[in-house]
Structure formats: C-alpha cells, structure tokens
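Peer 1: I have a structure here, written as structure tokens, and I will follow up with some questions on it.
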Amino acid sequence: MKIAVLPGDGIGTEIVAEAIRVLDALDLSFEMETALVGGAAYEAHGHPLPESTLKLAKEADAVLFGAVGDWKYDKLDRPLRPEQAILGLRKNLGLFANFRPAICYEQLVDASSLKPELIAGLDILIIRELTGDIYFGQPRGRRTAADGHFPGAEEAFDTMRYSRPEVERIARVAFEAARKRNKRVTSVDKANVLETFQFWKDVVTEVHKDYPDIELDHMYVDNAAMQLVKAPKKFDVIVTGNMFGDILSDEAAMLTGSIGMLPSASLNSSNQGLYEPSHGSAPDIAGKGVANPLATILSAAMMLRFSLNQAEAADRIESAVKHVLASGLRTGDIWSEGTKRVGTREMGDAVVAAITKKTITG
Ligand code: NAD
Numbered sequence: 001m002k003i004a005v006l007p008g009d010g011i012g013t014e015i016v017a018e019a020i021r022v023l024d025a026l027d028l029s030f031e032m033e034t035a036l037v038g039g040a041a042y043e044a045h046g047h048p049l050p051e052s053t054l055k056l057a058k059e060a061d062a063v064l065f066g067a068v069g070d071w072k073y074d075k076l077d078r079p080l081r082p083e084q085a086i087l088g089l090r091k092n093l094g095l096f097a098n099f100r101p102a103i104c105y106e107q108l109v110d111a112s113s114l115k116p117e118l119i120a121g122l123d124i125l126i127i128r129e130l131t132g133d134i135y136f137g138q139p140r141g142r143r144t145a146a147d148g149h150f151p152g153a154e155e156a157f158d159t160m161r162y163s164r165p166e167v168e169r170i171a172r173v174a175f176e177a178a179r180k181r182n183k184r185v186t187s188v189d190k191a192n193v194l195e196t197f198q199f200w201k202d203v204v205t206e207v208h209k210d211y212p213d214i215e216l217d218h219m220y221v222d223n224a225a226m227q228l229v230k231a232p233k234k235f236d237v238i239v240t241g242n243m244f245g246d247i248l249s250d251e252a253a254m255l256t257g258s259i260g261m262l263p264s265a266s267l268n269s270s271n272q273g274l275y276e277p278s279h280g281s282a283p284d285i286a287g288k289g290v291a292n293p294l295a296t297i298l299s300a301a302m303m304l305r306f307s308l309n310q311a312e313a314a315d316r317i318e319s320a321v322k323h324v325l326a327s328g329l330r331t332g333d334i335w336s337e338g339t340k341r342v343g344t345r346e347m348g349d350a351v352v353a354a355i356t357k358k359t360i361t362g
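Our numbering applies: residue 1 is where the sequence shown begins, and numbers increase by one.
Structure below.
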C-alpha cells in the first residue's frame, strides 16, 4: 500500500504530521512518501503541482493531502496559484466523485448554530460530481453580446453540460454508497429550469432501476438548501452536480459547526483517492500549533476504508476520535466551557494513545 503524502501550506504540515502519527500507530505496513504541493512547491520548483509530485500521486494507491494556499499568492497568475494543484490532481487522477460526510458528534452538538434536537446524531453524506458541470464546460469567456437584453455590451458566459456516462457513474457511486448506509438517495437538481438538470434527473432515474433496494427521491436545489437547515436528519445520501455540490457541501459542513472536524474524499473509478480535510490552510493560525488535526485524521480513516481496503483500521481511528472527544479534549475551534483546550500535537497524542489503548488524560 503506497500513500503519497502532500502536506501543502499553512496548517497543512501540522495536521498531516498528526495523521501520519496516527497511521503509524496502527502497525500496518504502508509505504509513505512525502512531496511538496501548493505554495510550498511553487517556492521550491516554480509550480504548485510539479511533475515529480504528480508522478508520485499517480503511482500511489491514495493521496493524503493537507491544504494549500496563502493570501500572499493571490497576485500570482492563476495557473501558478496554490489552489491549481488541487484542480490538477483531480484532473490527472480522474477524481470524479467527492464524498463529504457531515457527522455531528454527540459531544459537539453545541458547536452548531442549529438547535441540538435538529442536529444531534446527524450523519449524512454529500456526493458531489467533481469533473463536469458549469465549472469545466466549454465554451466560456468574455465577448460583446450579439443579442440578449443589452446587445453590443460586454458580457461573460459559461457552459453547463453533463454527458450520460458522467451522470451514470456518479449515480452508481451514490447508490452503492447508500447500500452501505440507510439505503436512501436524494438527487438534487434544478430540472424545472435547466435542461442539463432535467437530463441529470432522467439519467439518475434510469440508473436507479438497477438498485431496487435503494429509495430514490429528487429535490430542487433551492429546496435542498432549505431542508438542510430545517430538517437535515431526513437525508441519508445526497448526490448532485459540481456547482450545487460545492455550495450544499459547505452548507452541510457548517451544520456541524466545526470545520476542523470534517474529512473528505475524492475518488476515481479504480478507487484511487485523494483524502483531505474540508477546510483550507488557515494562514491565520498556521505555525501556532493550535489547528484541529481531527478532520485530517478522519480523512486518513476514509482513505483506509475506500482506497486501502482496511475498514477495521478505519473503525479504530473513528472510535479513537470519539473516545478523545468523550474524554473532554478540544482544540480551540471546538472548545466550550467545561472542556480542556489542547493544541494540535496534544490532540494527535490523545488519538494515538486511544488507538494503542494507553490512558487518555484530560
Ligand atoms: P480556511 O478553511 O483555511 O479557514 C477558515 C477559518 O477556519 C479560519 O478562521 C481558520 O483559522 C479556521 N480553521 C480552518 N481549519 C481549521 C482547523 N483545522 N482548526 C482550527 N481552525 C481552523 O479558509 P480561508 O481562510 O477562506 O482560506 C485560507 C486559504 O486556504 C486560502 O488561500 C484558500 O484559498 C485556501 N483554501 C484551500 C483549500 C484546500 O486546500 N483544499 C480549501 C479552502 C481554502
């Protein structure tokens, strides 16, 4: 099992270091190789995704990714900005399915801005299509309008498109994932207005014929955005396109109130995947040793489950995280009255201790 470790920038190096210690504590035999990505790679090699990093990622069974970016790179030409590394990895590895679980841990119910009874026990999975839609559709650009409300004016345009195989494969991923959960899929679209999403809905409905054991319903994206804050626990698996998924997965992430807790996975058709926390490089707290490493540690658990076929080891990590939260340890982002504030390293230590069954302090 080969893991490419790409810590990146800002808190990326601090949180990935803890995830690696947790993986080491499992006593499984991994080959791990680290490479630069993002701003760190730009500084060293003049590019956010150097050829050598891409080669390592392609050859690995899985990529464990920290975060990239810093405001100091905002003025660079777009292709050289750190965030381009993520797009390059998605494209080159063919990562088309993004998994974003939103789980509300019992002990962190108060971190949510929603009432505890709405959020307690929340466990939903958003599956976002990652390589198509209006984000990548051609043509796109700026031009002088030939028609519309203001002919002759400057205008910008993008193209929303999905092909049948693109929708079929993400629908299958969603139905398969639901089979391992509560067997319900909600497909989110805007079929009432957009031709692309009427097509999406038709194709998802056709694929569903192969999954009679799974309950499927369809919801317009505006309603889904409302239902996520009104009754989030009604969902099990949500599947949607690239743009709606981008927005809804962030909304769902914030339901739990703690971005430092949320893992994510992006998979291709051979289950090779990139695993990263849902948050960014947090330049405001980088280097201070206060970042929450749990999203990255939980991403490592997803990596074990989805790409490395080590479900039992993934369970061990997830149980250890629950145990540590129950013991009252909290990084600053999830701290509340009556709990003990710890730093990145101490949080990593506690998870390692729980895995190796040593006493947890705190
Ligand atoms: P961010 O997620 O980095 O930070 C938002 C807020 O959450 C900050 O206050 C930060 O301190 C806090 N936070 C984030 N992760 C935390 C953690 N693990 N523990 C404790 N607190 C945490 O988003 P941002 O500030 O909008 O962006 C910062 C940089 O990260 C930008 O350059 C952006 O482009 C980049 N970014 C990268 C990714 C990625 O690598 N996948 C994703 C989003 C943003």
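Each residue gets a CB set at the ideal place from its N, CA and C atoms; glycine is no exception.
Does ligand 1 have a heavy atom nearer than 8 angstroms to the CB of Asn242?
Peer 2: no
Peer 1: Are the Cβ atoms of Val185 and Glu215 separated by less than 9 angstroms?
Peer 2: With contacts defined as CB atoms closer than 9 angstroms, Val185 and Glu215 qualify as a contacting pair.
Peer 1: Less than 9 angstroms between the beta carbons of Thr339 and Gly328, yes or no?
Peer 2: yes
Peer 1: Please report the Cβ distance between Ile134 and Val239, rounded to the nearest whole angstrom; I am assuming they are in contact, meaning their Cβ atoms lie under 8 angstroms.
Peer 2: Contact flag wrong, Cβ pair sits at about 17 angstroms.
Peer 1: Between Phe175 and ligand 1, is there a pair consisting of the residue's CB and a ligand heavy atom that are separated by less than 8 angstroms?
Peer 2: no
Peer 1: Can you determine whether any heavy atom of ligand 1 sits closer than 8 angstroms to the C-beta of Gly38, and answer yes or no?
Peer 2: yes
Peer 1: Let me make sure I understand the geometry here. Which of Gly38, Ala57, Lys55 and Phe99 has the alpha-carbon closest to that of Arg78?
Peer 2: Gly38
Peer 1: Compute the minimum distance between the beta carbon of Val68 and the heavy atoms of ligand 1, and state whether it is under 8 angstroms.
Peer 2: yes
Peer 1: Rounded to whole angstroms, what's the CA-CA distance from Leu294 to Arg143? Just pull it up for me.
Peer 2: Computed Cα separation, rounded: 46 angstroms.
Peer 1: Identify the residues that DSSP records as bridge partners of Ser187: which are they?
Peer 2: His218 and Val239, per the DSSP bridge assignment.
Peer 1: Val324: buried (16+ other C-beta within 10 angstroms of its C-beta) or exposed?
Peer 2: buried
Peer 1: When DSSP labels each residue in this structure, what does Ile360 get in the three-state scheme?
Peer 2: Residue placement at Ile360 is flagged as unreliable, the pLDDT there being 49, under the threshold of 50; the coordinate-derived value follows with that caveat. Reduced to three states, the DSSP call for Ile360 is coil.
Peer 1: Would you kindly report the start and end of the unbroken alpha helix (DSSP H) that includes Leu23?
Peer 2: Gly12 to Ala25
Peer 1: What number of angstroms, rounded off, separates the C-alpha of Phe197 from the C-alpha of Leu87?
Peer 2: Computed Cα separation, rounded: 24 angstroms.
Peer 1: Quick one: grab the DSSP three-state call for Arg161.
Peer 2: coil
Peer 1: State the start and end residues of the unbroken alpha helix (DSSP H) segment that holds Val5.
Peer 2: First-last for Val5: Lys2 to Gly8, but that is the beta strand (DSSP E), not the alpha helix (DSSP H).
Peer 1: Does the stretch 61–71 come within contact of the stretch 256–274, defined as at least 3 CB pairs closer than 8 angstroms?
Peer 2: Yes, the stretch 61–71 is in contact with the stretch 256–274.
Peer 1: On a CA-only basis, which of Arg172, Glu251 and Thr331 is nearest Pro101? Give me that one, please.
Peer 2: The candidate whose alpha carbon is nearest that of Pro101 is Glu251.
Peer 1: Along the chain, where does the beta strand (DSSP E) containing Phe99 start, and where does it finish?
Peer 2: Ala97 to Ile103
Peer 1: On the CB-based measure, 16 or more other CB atoms within 10 Å of its CB, does Ala320 come out buried or exposed?
Peer 2: buried
Peer 1: CB of Val324 to nearest heavy atom of ligand 1: below 8 angstroms?
Peer 2: Ligand 1 has no heavy atom closer than 8 angstroms to the beta-carbon of Val324.
Peer 1: Please classify His279 as buried or exposed, where buried requires at least 16 neighbouring CB atoms within 10 angstroms.
Peer 2: Residue environment for His279: buried (at least 16 other C-beta atoms within 10 angstroms of its C-beta).
Peer 1: Could you check whether Leu49 and Leu89 sit closer than 9 angstroms to each other, using their CB atoms as the reference points?
Peer 2: yes
Peer 1: By Cβ distance below 8 angstroms, which residues in the same chain neighbour Ile360 in space, the five residues on each side in sequence not counted?
Peer 2: Any reading at Ile360 needs caution, since the residue's pLDDT is 49, under 50, leaving its predicted position unreliable; the model's value is listed next. Leaving aside the five residues that flank Ile360 on each side, the residues in its chain whose CB is nearer than 8 angstroms to its CB run, in chain order, His323, Val324, Ser327, Leu329, Ala350, Ala353 and Ala354.
Peer 1: Following the continuous beta strand (DSSP E) through Asp123, name the residue where it begins and the one where it ends.
Peer 2: Asp123 to Glu129
Peer 1: Would you mind sorting Val193 into buried or exposed? The rule is 16 or more other CB atoms within 10 Å of its CB.
Peer 2: exposed
Peer 1: What is the residue span of the beta strand (DSSP E) that Glu32 lies within?
Peer 2: The amino acid at residue 32 is misidentified as Glu; the sequence shows Met. Unbroken beta strand (DSSP E) run through Met32: Glu31 to Thr34.
Peer 1: When you compare the CB positions of Thr344 and Ile3, do they come within less than 9 angstroms of one another, or not?
Peer 2: no
Peer 1: DSSP state of Glu276, grouped into three classes?
Peer 2: strand
Peer 1: Ignore the nearest five residues each way along the sequence and tell me which others in Leu228's own chain have a CB closer than 8 angstroms to its CB.
Peer 2: Phe235, Leu248, Glu251, Ala252 and Leu255
Peer 1: Does the stretch 299–319 touch the stretch 18–31, meaning 3 or more C-beta pairs lie closer than 8 angstroms?
Peer 2: yes
Peer 1: Cα-Cα, which of Ser113, Ala191 and Gln310 is closest to Met160?
Peer 2: Of the candidates Ser113, Ala191 and Gln310, the one whose C-alpha sits nearest the C-alpha of Met160 is Ala191.
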